[in-house]
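Protein chains in written order, with our numbering: chain D, 1 to 530; chain V, 1001 to 1339.
Backbone N, C-alpha and C define an ideal beta-carbon position, used for all residues, glycine too.
Here the structure is a predicted model, which means the values were calculated and not measured.
Please read the structure below before turning to the comments.
Structure follows, in C-alpha cells:
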C-alpha cells in the first residue's frame, strides 16, 4: 500500500521498510494487517493501523476507550470491512465478506459479555451453526460427548447439558472458548475477558489461555488491566486516537512508558490521594444481615474519609450496599447517619437522607442510555426542582450543564444521548447525577472505574479526592487492588458474606487483602485449591 | 466550578418550527387533512355536521387511548380494556334497570372501570415477573366472563340488555351547537392527559420507567406505585368510555367493546408511541385517533364493508411503523453513495 504512494528518495525509504517486513515474515507471522483504515460516517475509526501476530504468541492490544481496538477486532473478524489496507493470513491475502468467512478461516472472538443463547444448553451453544446432523436429525449424544471432551480440556466445572444462562460469566466465557476450539480456531481474540471476573476466575482464565498458546494457537488479548498483560502477553501493541502507536516487548517496556504511549501524556501520581483531616463519624452500619447474601456486616465512615470495601466478587459487597440503600430488604441491621438511626425501606429513603449510590452497572442501573445527559443528571431531583408538579426545564438544564462541566464530561451538548459517550464519560455523568443531589452526605461508589481507561480513571480518582476534601463520607467498592490501596484511608475486606478484617492505610498490602479475601481452610473443609 | 479543562457543554435546546413541522406529529396533521379531503371527495355526505353526528360512538374509544398511551410509554400493555368496557357498560345498564338513579349508575360505571384497572395494576405490580400481556389476557377473559354471568343472572337473557330509562343518557348525548358533549370531554381529558405526560414530573417518570426500569428504580422512582396508578387510570377511563358508548348505543351486549383494546393500541402506535416503552407522545396519538375516526366515517358513508375498513387501517398501521426504518434505510443509502 505505502509502496505505491512513494516518490523519488522517499520510495527508497519505503522499500527499506519493505525489507524489514520481509524479515518479519521469516519470524513466522500467522496474521498481519497493514495500513487498515476504517471510516464511519464522520469519523475515522481506524487510521492506517498495523498489527502483526506471531504463531503461538499471546499479544496484548491496549489503548484507551475509543482508541479503535474494538473496531479493529471487528475488521479482523469480518464484521466490518476496512476501506483501505490489507490483511494477510498465513502468507496469503484475505478478504472477509462477513463474520462467517473469518470463522471458516479459523478466527474466533470471545467477548467480555458473551453473546450466547442463554436459554439453550452448553452443547447447543458450542455447536450453534455447525451441528452434527445425520439424515436430518441432530446427533445429540455425539455432540454432548464432544462438548464434554472440550469442557474437560478446559477443566470446566459444569455439564454440557447445563443452561448457559444459569452459568457465571466466567463459565459462559469458557463456553465461548470451547466454541472456538470446536471450530478449531487458530487465532482466538479475547476482548476484555477479565473485566467481569474475580481474581480466582481470572487466574483460571490465564491458565486456559496459556494452555491454548502451548497448543500452538495465537491469541490477541484486549484488556484495561495491566496485570493481565504482564501475566500473559509477550508483546503489546498500543493504539491511540484510532492510530497505531507501536508494538513493544512486554519485558522491555516500563509501566510509565506504556501508559504514556496509551494516554499520549505522562501520568504522574495515578492516585491523587491527599491528606485530609478527618471529621467525626458520619455514617455507620451495624449488624447488617440478609440471609444467604451477607451476615453481621458492620463498618463506619468519617467525614472526609474514603473507605474501601473489597473482597472477591461474590463476597457480598454489592449486596450489602444495595440493602443499605434500600434496593433490597435486609433481615437485620441498623444504619446511623450523623449519629441518628435511619430507617431505609426504599431507595428514596436513603436518597432523601443524603446517601447516594453510584451503582455498579452504569449502563443498566446508573443511566438511561437513550436519554440526553441533562435529563439523566436531573432525574433524581426533578421533583425538587419542579413547580406544582410541572418540570422546570430551564432550571434543570442549568444544573445539568453546571454539574456536567464540573466533572469535565467530554460532551458537546447536554441533549446528546448517554449512549453516545465512552464508558469513562458515562461514569462521569453518573457522578454528575450524584453531585446534583444537593443533600448528599455519603457517596457510595460501586466499582467506579470498572471498564474505563487510564485517563478517565485518574479523573474519577481526582473527583473522589475533591469530594473527600469537601467533607463527604465516601465508600468505594472495588476489586482492583491498586486503586483501593491507592485511594482508601481504611479498607474493609469481605469474604463469604462477612467482614473478615479492616486494614488501615499504613498497614495495607496486596497480600494482606488477599489473605483476608480468601476463606481460611478452617472455615470450610477443603477450601480453595489454589 | 468548571472542570479543569474548562470545556463548555451547550445547554441550548435545539429545534424550532422547522423540526416541529418535520416531526411525525407534523406528518400526522397532513395525513388528517388528507383523510378529510379524501372523505369529501368520495362521499357527498361527508361534511362537518354529518361527521360530528357519527362521531360519538368512535369518540368513546379515544378516552381509553390516553390511558393506553401511558401504559405503552411505561413499556407495559393492557389488552383487557375492551372487556372492561363491556363489563362497566353491562353493570351500568343492569343497575339502572334495577332502579338505580342515573347519577348512581354513572358512578357505578366509573367505579367498575376503576376497580377493574386496579385489579390489573395489583396483579401486574405484585407479580412483576408475569408479562402484562398475559395478566391482562387473563383479566380480559374474566371481565367478559363476569359480564356474561350478569346477563344470565339479572338480564332478560340473550346476552343483551337495553337501558330502560334513557333520560339521563339522552342528557349526556346532547349537543352544544353541532358538537356532542363527548367531543368536549375528549378534548378536556386530552389536554389534561397530554400535559401531565409532557410537562410534569409524573410524566417524566413514566418515560424513565419505560426507557430503563432498573435505572429509574435506582434513581428513587416508585416504579410499581406509578405502574399501579397508570393501570387504575386506564381502568377509570375505560369506565368513562363505557359511559359515553352508552350514549350512542343505549344498551350493552356480550360483544360490546370487542376489539377496542386493539384499536386503541393501534391509535397509540400510529401516533408514534412505541410499544417497547419510553417513546412517543399523546399529541401524536390524539391526531392519529382522529385520523382513524375520520377515515372510518368517510369509508362507512360509502358503504364500504367494515372488514375492508379494518384491512385499510391495519395496512396504515404497518406502514406507519415501517416509516422510521424506511427513512433510516434511505438516509443510510444516501450516505453510502456520498461516501
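Of all residues in the segment 1190-1219 of chain V, the ones placed with a Cβ closer than 7 Å to any Cβ belonging to chain D are 1199, 1200, 1201, 1202, 1204, 1208, 1211, 1212, 1214, 1215, 1217, 1218, 1219, in chain order.
Cβ-Cβ distances below 8 Å link residue 1215/V to 1208 in the same chain, with the five nearest sequence neighbours on each side left out; the list follows chain order. Around the Cβ of residue 1112/V, a 10 Å sphere holds 16 or more other Cβ atoms; the residue is buried. Residue 1042/V counts as exposed, since fewer than 16 other beta carbons sit within 10 angstroms of its beta carbon.
Non-local C-beta neighbours of residue 345/D in its own chain, meaning closer than 8 Å and more than five positions away in sequence, comprise 326, 329, ordered along the chain. The C-beta distance from residue 85/D to residue 36/D rounds to 4 Å, short enough to fall under 8 Å. Secondary structure of residue 225/D (DSSP, three-state): coil.
The shortest CA-to-CA distance from residue 238/D to any of 187/D, 99/D, 46/D is the one to 46/D.
Counted as a single uninterrupted DSSP element, the beta strand (DSSP E) harbouring residue 111/D occupies residues 107-111. If you look at residue 300/D, you'll find it in the beta strand (DSSP E) that goes 294-302. For residue 86/D, the uninterrupted beta strand (DSSP E) segment begins and ends at 84-89. Below 8 Å, enough C-beta pairs join the segment 97-114 of chain D and the segment 75-83 of chain D to call them touching: three or more.
Residue environment for residue 274/D: exposed (fewer than 16 other C-beta atoms within 10 angstroms of its C-beta). DSSP places residue 1233/V inside the alpha helix (DSSP H), whose first and last residues are 1223-1249. The criterion of a C-beta distance shorter than 8 Å is satisfied by residue 1277/V and residue 1072/V. Annotation for residue 495/D: the continuous beta strand (DSSP E) segment containing it runs 490-495. Residue 1170/V sits exposed, since fewer than 16 C-beta atoms from the chains shown fall within 10 Å of its C-beta.
Linking residue 1035/V to residue 1231/V through their CA atoms gives a straight-line distance of about 33 Å. DSSP assignment within the segment 26-87 of chain D yields the following whole alpha helix (DSSP H) runs of 4 residues or more, N-terminal first: 69-76. At a cut-off of 8 Å between beta-carbon atoms, residue 475/D makes no contact with chain V. Secondary-structure assignment with DSSP links residue 1176/V through a beta bridge to 1179/V.
With a threshold of 8 Å between beta carbons, residue 1129/V makes no contact with chain D. By the 16-neighbour rule on beta-carbons within 10 angstroms, residue 396/D is buried. Here residue 490/D is buried. Its C-beta has 16 or more other C-beta atoms within 10 Å. With a threshold of 8 Å between beta carbons, residue 397/D makes contact with chain V. With contacts defined as CB atoms closer than 8 Å, residue 219/D and residue 190/D qualify as a contacting pair. When C-beta distances to chain D are compared with 8 Å, every residue of the segment 1255-1275 of chain V stays at or above that value.
Only residues of its own chain outside the window of five on either side were considered, and among them 1063 have a CB closer than 6 Å to the CB of residue 1240/V, listed in chain order. Nearest C-alpha to residue 1295/V among 1312/V, 1307/V, 1286/V: 1312/V.
Around residue 88/D, the same chain offers 32 as residues with beta carbons nearer than 6 Å, after the five sequence neighbours per side are excluded.
Per DSSP, residue 1161/V is not a residue of any alpha helix (DSSP H); the beta strand (DSSP E) it occupies stretches across 1160-1162. In this structure, the CA atom of residue 1032/V is about 15 Å from the CA atom of residue 1055/V. For residue 1278/V, the chain D residues whose Cβ falls inside 9 Å of its Cβ are 368, 370, 371, in order along the chain. 327, 346, 347, 348: these are the residues of the segment 322-348 of chain D whose beta carbon lies less than 8 Å from some beta carbon of chain V, given in chain order. Three or more beta-carbon pairs separated by less than 8 Å link the segment 396-406 of chain D to the segment 370-383 of chain D, which places the two stretches in contact. DSSP, read as helix, strand or coil, puts residue 137/D in strand.
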